[in-house]
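Student: Protein chains in written order, with the numbering used here: chain X, 7 to 158; chain B, 35 to 177.
Just dropping this structure here.
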Amino acid sequence: MVIPMATKALPTSEDRLRRFTRAHSPLQPPRFNFWHGLTTLILAALLWGQQSIPGVMADYSGVVIGDWQAGILARVTVIALLTYALVLVRTAHWLAYLGMLGAAAGICLRLGDIRITHEPLTLGFALSLLGIALIAIRIVLRQPDWQPGDAP
Amino acid sequence: MQHNIFEGLDLWVVLYAAGMALLASLLTRTRERQAQQRRGLPLTPWPTTLPDTGTGTLVGTMLALTIPGFWPVLHNFTGISLLTAFGGIAGPRLWDMVSSDSGIKSILVALAQAATGPLGKFISAQQPKKDGDSDGNQSPPHV
């Protein structure tokens, strides 16, 4: 009878202790991969830019994407998506509820301004609106952890 | 002055309603399919979004055409686009609500009340009760 040779070294007591700690600590963030590094770099570059070259950032922020009607349509679209997620889908954490309500309130305040000033849609606001719209879409698409019909 | 409700209809209203209806029905269908996949049920096919999109487009366009006439606050670009967006998104659900029995009944009652207004209430209050009072006693006819 041939005993197979162990290809890996046996875990030391230190390894066992590390595994035990990892398995029993409540916070287990995913591994820091390439994309997290890229995110960090982009955030650092943007923060450096607003601190060191505010004029350039202002110029890019003011790049006109559409006229005032496009701005109103974009905001109305985001408000409709938020209403869809908040009222018709209704499966959000209460923090997400508060966040989306705050976003809708801010957009409505800006909307009142834009109806008077006829300000065009600019890059800075378009990016903010895109972020809010993606959160609403995520809330719509997300399945709750437990649904009636699932095993308890 | 007679006002033509189709006067304000531009192509962008229809296109915007169609876009919002398509977006909403795609999102709803994706959510449904995820729930079905999770329970191992057969998946709803993608082409079923098309009727929903059509309903949403129709409802959004009709809301944008009709409501600002009754509610002048909404008779501007923002109001019309809001009505179009909400109609496009909630169109299929509104359609389901209306096509149920109690839905069509409540809408007819509301329409009748809107058509007669406070005058209708006054008239029905002034009309003599034909079946007597609440106890069923009828007053003797005047000769």
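Every residue gets a Cβ at the ideal spot worked out from N, C-alpha and C, and that includes glycine.
#1: Per DSSP, what kind of secondary structure is X:Ile122 in: helix, strand or coil?
#2: Against chain B, does X:Gly66 count as a neighbour if the rule is that its beta carbon must be under 9 Å from one of theirs?
#3: Would you kindly work out how many angstroms separate the C-alpha atoms of X:Pro126 and X:Ala80, rounded to a whole number?
#4: Nearest to B:Glu66 by CA position, among B:Thr78, B:Ile141, B:Gly74, is which residue?
#5: For B:Asp44, does the three-state DSSP call read helix, strand or coil?
#6: Does X:Thr128 come out as helix, strand or coil in the three-state DSSP assignment?
#7: From the DSSP output, in three-state form, read off X:Asp151 for me.
#8: Can you have a look at B:Thr100 and say buried or exposed, based on whether 16 or more other CB atoms are within 10 angstroms of its CB?
#9: Do X:Ile78 and X:Arg121 have their C-beta atoms within less than 9 Å of each other?
#10: Check this for me: beta carbons of B:Leu61 and X:Ile113, under 9 Å apart or not?
#11: Going along chain B in order, which residues have a C-beta closer than 7 Å to the C-beta of X:Ile78?
#12: In or out: X:Pro36 buried (at least 16 other Cβ within 10 Å) or exposed?
#13: When DSSP builds the beta bridges, which residues end up paired with X:Gly72?
#14: Listing by chain order, which chain B residues have their CB less than 7 Å from the CB of X:Arg121?
#15: Give me the Cα-Cα distance between B:Pro81 and X:Ser31, rounded to the nearest whole angstrom.
#16: Using the Cβ count rule (16 or more neighbours within 10 Å means buried), how would you classify X:Gly68?
#17: Just mark B:Val93 as buried or exposed, buried being the case when its beta carbon has 16 or more other beta carbons within 10 Å.
#18: Using the Cβ count rule (16 or more neighbours within 10 Å means buried), how would you classify B:Tyr50?
#19: How is B:Gly74 classed by DSSP in three states: helix, strand or coil?
Tutor: So, from the listed chains and residues:
#1: On the first sequence, residue 122 of chain X is found 116 positions in, with the first residue counted as 1. Of the three classes helix, strand and coil, the one that applies to X:Ile122 here is helix, per DSSP.
#2: Taking the first residue of the first sequence as 1, we reach residue 66 of chain X at position 60. A quick correction: the sequence has Tyr, not Gly, at residue 66 of chain X. Not closer than 9 Å to any Cβ of chain B, the Cβ of X:Tyr66 fails to qualify, so no.
#3: For this step, residue 126 of chain X is matched to residue 120 along the first sequence. For this step, residue 80 of chain X is matched to residue 74 along the first sequence. Using only the alpha carbons, I get a separation of about 11 Å.
#4: On the second sequence, position 32 is the one that residue 66 of chain B refers to. Minimum Cα-Cα distance from B:Glu66 among the listed residues B:Thr78, B:Ile141, B:Gly74 corresponds to B:Thr78.
#5: Indexing the second sequence from 1 puts residue 44 of chain B at position 10. In the structure shown, B:Asp44 adopts coil according to DSSP, grouped into three states.
#6: Stepping through the first sequence from its first residue, residue 128 of chain X is reached at position 122. When DSSP states are grouped into helix, strand and coil, X:Thr128 belongs to the strand group.
#7: The residue labelled residue 151 of chain X in the question sits at position 145 within the first sequence. Coil at X:Asp151, not helix or strand.
#8: Indexing the second sequence from 1 puts residue 100 of chain B at position 66. Exposed is the call here.
#9: Numbered from 1 along the first sequence, position 72 holds the residue referred to as residue 78 of chain X. Numbered from 1 along the first sequence, position 115 holds the residue referred to as residue 121 of chain X. Contact: yes.
#10: Walking along the second sequence from the start, residue 61 of chain B turns up at place 27. Walking along the first sequence from the start, residue 113 of chain X turns up at place 107. Contact flag unset, no.
#11: Translated into the one-based positions of the first sequence, residue 78 of chain X becomes position 72. Below the 7 Å Cβ cutoff, chain B contributes Phe111, Thr112, Ser115 as neighbours of X:Ile78, in chain order.
#12: Residue mapping note: residue 36 of chain X aligns to position 30 of the first sequence, counting from 1. That one is exposed.
#13: Residue mapping note: residue 72 of chain X aligns to position 66 of the first sequence, counting from 1. Note: X:Gly72 sits in a beta bridge opposite X:Leu127.
#14: Counting from one through the first sequence, the residue named residue 121 of chain X turns up at place 115. Chain-ordered, the chain B residues with CB closer than 7 Å to the CB of X:Arg121 read Thr112.
#15: One-based indexing of the second sequence puts residue 81 of chain B at position 47. One-based indexing of the first sequence puts residue 31 of chain X at position 25. Distance between the alpha carbons of B:Pro81 and X:Ser31 is about 47 Å.
#16: Sequence index remark: in the first sequence, residue 68 of chain X carries index 62 (1-based). It counts as exposed.
#17: Against the second sequence, residue 93 of chain B aligns to sequence position 59. Residue environment for B:Val93: buried (at least 16 other C-beta atoms within 10 angstroms of its C-beta).
#18: Translated into positions along the second sequence, residue 50 of chain B becomes position 16. Buried, by the Cβ-count rule.
#19: For this step, residue 74 of chain B is matched to residue 40 along the second sequence. Secondary structure of B:Gly74 (DSSP, three-state): coil.
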